[in-house]
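Anchor point for the sequence shown: position 28 equals 232 in our numbering, and the numbering is continuous, going up by one each time. From the three backbone atoms N, C-alpha and C, an ideal C-beta is built for every residue, glycine too. As the structure is a computational prediction, the values presented were derived from the model and not from experiment. The structure under discussion appears below in the form of structure tokens.
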Amino acid sequence: MSSGNSSSDLSTGNWMKHNMSSIADYVSLCAPFQYLNSFTVYGLLFPIVSMVTVITNCLIISVFVERRMRSPTTVLLTGLAASDAIAAAISVPLYIYLYGLGFEDRNLSYPMCIYHEYSYIISNIFHTASAWLTTTLGVQRYVVVAYPFRGPRLCTMQKSYTLVCIVFLAAPLIYIPTFLYRDFQEVKVDVNGTFVSTCYCPLSGVEVYDKILVFLKSFLVKIIPCTTLILVTFALIRRLEIETDRMLRLQAESEGERRDFRHIRRTSIMVALIVITFLLVEIPSTVKVIITNLDSTAIDKESDYTMSMYMNFSLLVSYHINFWIYVSLSEHFRTCLRSLCSFRKKSPNHDHQTSLHSHVHTMCLTEHSKITHN
205 MSSGNSSSDL STGNWMKHNM SSIADYVSLC APFQYLNSFT VYGLLFPIVS
255 MVTVITNCLI ISVFVERRMR SPTTVLLTGL AASDAIAAAI SVPLYIYLYG
305 LGFEDRNLSY PMCIYHEYSY IISNIFHTAS AWLTTTLGVQ RYVVVAYPFR
355 GPRLCTMQKS YTLVCIVFLA APLIYIPTFL YRDFQEVKVD VNGTFVSTCY
405 CPLSGVEVYD KILVFLKSFL VKIIPCTTLI LVTFALIRRL EIETDRMLRL
455 QAESEGERRD FRHIRRTSIM VALIVITFLL VEIPSTVKVI ITNLDSTAID
505 KESDYTMSMY MNFSLLVSYH INFWIYVSLS EHFRTCLRSL CSFRKKSPNH
555 DHQTSLHSHV HTMCLTEHSK ITHN
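Structure below.
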């Protein structure tokens, strides 16, 4: 490509504004989105919260993967923590580079443009997995509470493992066309005698695939999971109220059944809070998607970008709220987390410390026996 005004503009990131008519076959996929307050949200808060999210979800996984902690519920929670951690971590380097260091106003070099585009796609893949696992978790919990005899036989460890594998295999399928039709071309531009490497992203056919992808995501990742979880959550809460009334009427000799129900109820409340947190973030996003699908001009581009930025940040915050739900409501989780995080040193009273440590592990095992029945 010859040098000139378009080349100079291209190197500084302004080519989309000043020379759009001569490059109408290209779109700004090769340039990052520019948001208001991008440094504060994406450059500062996003990396910090992402790192906290990765750490807390790794702690969740470390607790739940231990054999004594495994149950049909914790298998799903482990998969959920893994998907949340990856979704939070994948774009952190990009956000630091673009918005933290202030390069969002420049065109991306090659192959940075590939990482820019695919990091969003991969993050969406794991967000999809997170949405489906949350839906599965809500449905599983309702089945266990509503059908106390058949539920545990339906919701087994093996089935939970199978469901997690299916979710992680199915989530990328929605995005396979995106990987196939995206085209990135390295172009050398002569700017004042210096060749600058930049990236073109041909537009041909992209709009059609994008519309199909938005349609699939709207129904499979947002509308269906949100609708299912709203119905299941109301049904679960109602069922817990009925069972609570029934337990209050039981005689003293049924204390064992009461104790088992209290553990089931506590776990169910924990799952319900996870689901409600998911819905608080996803429902506004779902409404926005429906509005823009019905009328693409209903929200102007600047407002759309701003809303998307704050919704993305809210989603990120929700990824690590689950950790605090477990810490607040689950005594066995707190106990086993303390055991996991304890760093013991050799000392004259080492035998006493070892005995105490074994006692903590025994507590974990005892608490786990209470939740293996969901």
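Do you know how far the Cα of residue j is from the Cα of residue i?
i, j, result
"PRO552", "LYS426", "The pLDDT assigned to PRO552 is 45, lower than 50, so where the model puts this residue is not dependable; a value taken from the coordinates is nonetheless given after this. One C-alpha to the other measures close to 58 Å."
"ASP288", "ASP309", "29 Å"
"VAL418", "VAL491", "13 Å"
"LEU483", "SER546", "35 Å"
"LYS505", "VAL267", "44 Å"
"TYR413", "ASN328", "16 Å"
"PHE330", "GLU535", "29 Å"
"ILE259", "ILE265", "10 Å"
"GLY217", "PRO356", "Because GLY217 sits at a pLDDT of 40, beneath the cut-off of 50, its placement in the model cannot be relied upon, and the point is left open."
"LEU420", "THR496", "14 Å"
"ASP508", "ILE434", "26 Å"
"THR432", "ASN396", "59 Å"
"GLU390", "ASN311", "12 Å"
"LEU498", "VAL348", "39 Å"
"THR366", "THR501", "43 Å"
"ILE503", "PHE438", "32 Å"
"TYR299", "ASP449", "51 Å"
"ILE529", "PHE517", "19 Å"
"LYS354", "ILE416", "The amino acid occupying residue 354 in the given sequence is Arg; Lys does not appear at that position. Near 40 Å, if we compare the C-alpha coordinates of ILE416 and ARG354."
"ARG271", "SER512", "40 Å"
"ARG442", "VAL269", "32 Å"
"ILE370", "ILE428", "17 Å"
Check whether the Cβ atoms of residue i and residue j sit closer than 8 Å, and answer yes or no.
i, j, result
"TRP336", "ALA286", "no"
"THR340", "LEU263", "no"
"THR471", "SER522", "no"
"PHE537", "ASN261", "no"
"PRO276", "SER334", "no"
"CYS405", "ILE487", "no"
"VAL436", "GLY342", "yes"
"THR382", "VAL393", "no"
"CYS317", "PHE388", "yes"
"MET361", "ARG274", "yes"
"SER295", "TYR324", "yes"
Find the nearest neighbour of residue i within the set the options, judged by alpha-carbon distance.
i, options, result
"VAL161", "ALA291, ARG274, GLY283, LEU280", "Because residue 161 is not part of the residues shown, which for the chain are 205 to 578, the question remains open."
"LEU440", "GLY306, VAL493, VAL479", "VAL479"
"TYR322", "ALA350, LEU384, VAL256", "LEU384"
"ILE494", "ASN328, PRO315, PHE423", "PHE423"
"LYS350", "LYS505, LEU444, ASP508", "At residue 350 the sequence reads Ala, which differs from the Lys that was named. Considering only alpha carbons, the answer is LEU444."
"LEU477", "MET515, LEU533, ILE487", "LEU533"
"MET255", "VAL267, PRO297, PHE307", "PRO297"
"ILE326", "ILE380, ASP508, GLY355, VAL348", "ILE380"
"GLU579", "ILE370, GLU390, PRO352, LEU498", "Coverage of the chain is limited to positions 205 through 578, which leaves residue 579 absent and any answer about it impossible."
"ARG386", "TYR319, GLU270, ARG272", "TYR319"
"ILE473", "TYR346, PHE517, ARG271", "TYR346"
Leaving out the 5 sequence neighbours to the left and right, which residues in its chain are closer than 8 Å to residue i when beta-carbon positions are compared?
i, result
"GLY304", "PHE243, TYR246, GLY247, LEU248, PRO251"
"GLN344", "PRO276, THR277, LEU280, CYS359, SER364, ASN578"
"VAL531", "PHE537, ARG538, LEU541"
"PHE372", "GLY283, SER287, ALA333"
Spatial neighbours of residue i within its chain, please: C-beta separation below 7 Å, excluding the five flanking residues on both sides.
i, result
"THR332", "ALA375, ILE378, VAL425"
"TYR301", "PHE307"
Quick one: what's got a C-beta closer than 6 Å to residue i's C-beta in the same chain, skipping five residues either side?
i, result
"THR257", "ALA292, TYR523, HIS524"
"GLY283", "LEU337, VAL368"
So residue i and residue j are supposed to be a Cβ contact under 8 Å. How far apart are they, rounded?
i, j, result
"SER489", "MET515", "5 Å"
"VAL485", "LEU519", "5 Å"
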